[in-house]
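In this note's numbering, the protein residues as written are 3 to 289.
In this text, a Cβ means the ideal position worked out from N, Cα and C, and glycines have one as well.
Here's the structure we're looking at; comments come further down.
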């Protein structure tokens, strides 16, 4: 009986090990999971667009949802407050805007493979330290704020700024943060050990004496980030987001001018642009 019991125990352990191993293989779907959302059946322009997005890219476009869809991030509560847009008339104006801001920038093949599981829309998003934040992300979604009547009166420049932030968020704070890709090794070496440091801690003796902070471009970063009390250099995810955002935002001439005199930034612009071409056949400047 003891031998039989031991064999049963070994069988159970091996079965569990096999299942855990299979879960790491994207091509093996042992567990069938039903779709968590029902697609709308109405005839409004937005509902038709929701169905189109799902059928083309297997992604859910949601304008009405429970708070848990964006507040819970698997193991923590997001430090944000989301105000949803209740007006369906505003939703019905969104398909053309979303196409311009996001989907038209990538091929259908790319979107089928890499679209976020959920694309959430909101009127406004407030973080713990900043009111009216334009974009946000979680493990299984990106969220576009500013979905209200003001959005439809944006100037071309304002629309480009929002588009750049959205793509920066998608690549840096959704795809990179949740380990959906890794930049080429040289990228992180340029940033060195200066990621996520209080910028005041990187002062030279002269800067310390003058009580001024160094320019983050000196260390290869576009801008500092704040926790509401202190300014820091970006972490690796914010770094990717800032580079994508600025390359999308700036013309080629403006980009050259912005990084002139900052050798680490020139190096990182070349690295990230080439990486996107090699890995995804995407020209960041053309988004």
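Residue pairing by DSSP places residue 144 opposite 121, 139 in a beta bridge. Cβ neighbours of residue 58 within its own chain (closer than 8 Å, five residues either side excluded): 110, 113, 114. When the five nearest sequence neighbours on each side are left out, the beta carbons in the same chain lying within less than 8 Å of the beta carbon of residue 82 are those of 72, 73, 127, 128, 129, 130, 135, 138, in order along the chain. From the listed residues 251, 227, 214, the smallest Cα separation to residue 198 is found for 227. In the three-state reduction of the DSSP assignment, residue 133 falls in the coil class, being assigned neither a helical nor a strand state. In this structure, DSSP gives residue 234 an extended state, which the three-state scheme calls strand. Going by C-alpha positions, residue 194 is about 10 Å away from residue 238. Rounded to the nearest angstrom, the gap between the Cα atoms of residue 148 and residue 251 is 18 Å. In the three-state reduction of the DSSP assignment, residue 264 falls in the coil class, being assigned neither a helical nor a strand state. In the DSSP secondary-structure assignment, residue 201 is not bridged to any residue. Around residue 123, the same chain offers 65, 146, 149 as residues with beta carbons nearer than 6 Å, after the five sequence neighbours per side are excluded. Short of 7 Å from the beta carbon of residue 254, and not among the five residues preceding or following it, lie these beta carbons of its own chain, in chain order: 287. Excluding sequence positions up to five before and after residue 104, its CB lies within less than 7 Å of the CB of 168, all in the same chain and listed in chain order. Per DSSP, residue 62 lies in no alpha helix (DSSP H); the unbroken beta strand (DSSP E) holding it starts and ends at 62 to 64. For residue 100, the enclosing alpha helix (DSSP H) has its first and last residue at 96 to 103. Taken atom to atom, the span from the alpha-carbon of residue 221 to that of residue 196 is near 7 Å.
CA-to-CA, the gap between residue 234 and residue 213 works out to about 16 Å.
Exposed is the label assigned to residue 154, since fewer than 16 other Cβ atoms lie within 10 Å of its Cβ. Residue range 47 to 59 is occupied by the alpha helix (DSSP H) that includes residue 53.
Partner residues in the beta bridge of residue 128, as assigned by DSSP, are 83.
The three-state secondary structure of residue 227, taken from DSSP, is strand.
The closest CA to that of residue 203, considering only 86, 218, 190, is found on 218. Distance from the CA of residue 95 to the CA of residue 85, rounded to the nearest whole angstrom, comes to 18 Å.
Within its own chain, the residues whose Cβ lies closer than 8 Å to the Cβ of residue 49, once the five positions on either side in sequence are excluded, are 42, 43, listed in chain order.
If you draw a straight line from the Cα of residue 206 to the Cα of residue 232, it comes to about 18 Å. For the pair residue 176 and residue 142, the Cα-to-Cα distance works out to about 8 Å.
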